[in-house]
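In the UniProt record's numbering, the protein residues as written are 1 to 138.
For reference, the structure discussed in these notes is given below.
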């Protein structure tokens, strides 16, 4: 039989031919490695919402002819973190709004407010101020 392996984002789909339903998930990972150049340790395979685990066969998951298995590529654990990641975090996207640092609101009793939303809503018939009511014990 043959099955299809597709990346989670749908950008690549490849067909694995001549695979048996008795094939183990480890064997499938090796075939995926050959097609997608993704090491088995970096693969997460999903079929019908379930993650395929080593030690089982395709038959155990009821994988049939021309079914689609999804591939999620994990970051390589052997690679050290690069400075690219810190550069991406330091520079915000050009189309993203600037981040505004909020100061905590303090109520009349000197304690922070339980609500961070104190704004006006226009339902079409006038403006209403929305805020929290003080909590009463009892």
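Each residue gets a CB set at the ideal place from its N, CA and C atoms; glycine is no exception.
Give me whichever residues DSSP pairs with residue 47 in a beta bridge.
50
Sort 3, 21, 30 and 22 by Cα distance to residue 169 and report the nearest one.
In the structure displayed, the chain extends from 1 to 138; residue 169 sits before or after that span and is not available.
The beta strand (DSSP E) spanning residue 5 covers which residue range?
3 to 7
Residues bridged to residue 12 by DSSP?
In the DSSP output, where bridge partners are listed per residue, residue 12 has none listed.
Confirm the yes/no value for this check: CB of residue 21, any heavy atom of the ligand COA, distance under 7 angstroms.
Among the components of this structure there are no ligands whatsoever, and the ligand COA is therefore not found.
Could you tell me the distance, in whole angstroms, from the CA atom of residue 43 to the CA atom of residue 49?
Their Cα atoms are separated by approximately 15 angstroms.
Between residue 16 and the rest of its own chain, which residues show a CB-CB distance below 8 angstroms, the 5 nearest in sequence each way excluded?
2, 3, 4, 5, 28, 31, 32 and 35
What distance in whole Å lies between the Cβ atoms of residue 25 and residue 54, which are believed to be in contact at a cut-off of 8 angstroms?
5 angstroms
Please classify residue 71 as buried or exposed, where buried requires at least 16 other C-beta atoms within 10 Å of its C-beta.
buried
Compare the C-alpha of residue 47 against each of 37, 41 and 60 and name the closest.
60
Once the 5 residues before and after residue 100 are set aside, which same chain residues still bring their CB inside 7 angstroms of it?
Note that residue 100 has pLDDT 48, beneath the 50 cutoff, so the model's placement of it is unreliable and the number below is only indicative. Closer than 7 angstroms at the Cβ level, and outside the excluded window around residue 100, lies no residue.
At which residues does the beta strand (DSSP E) containing residue 73 begin and terminate?
Counting along the chain, the beta strand (DSSP E) containing residue 73 begins and ends at 68 to 73.
Can you give me the start and stop residues for the alpha helix (DSSP H) that residue 31 sits inside?
25 to 36
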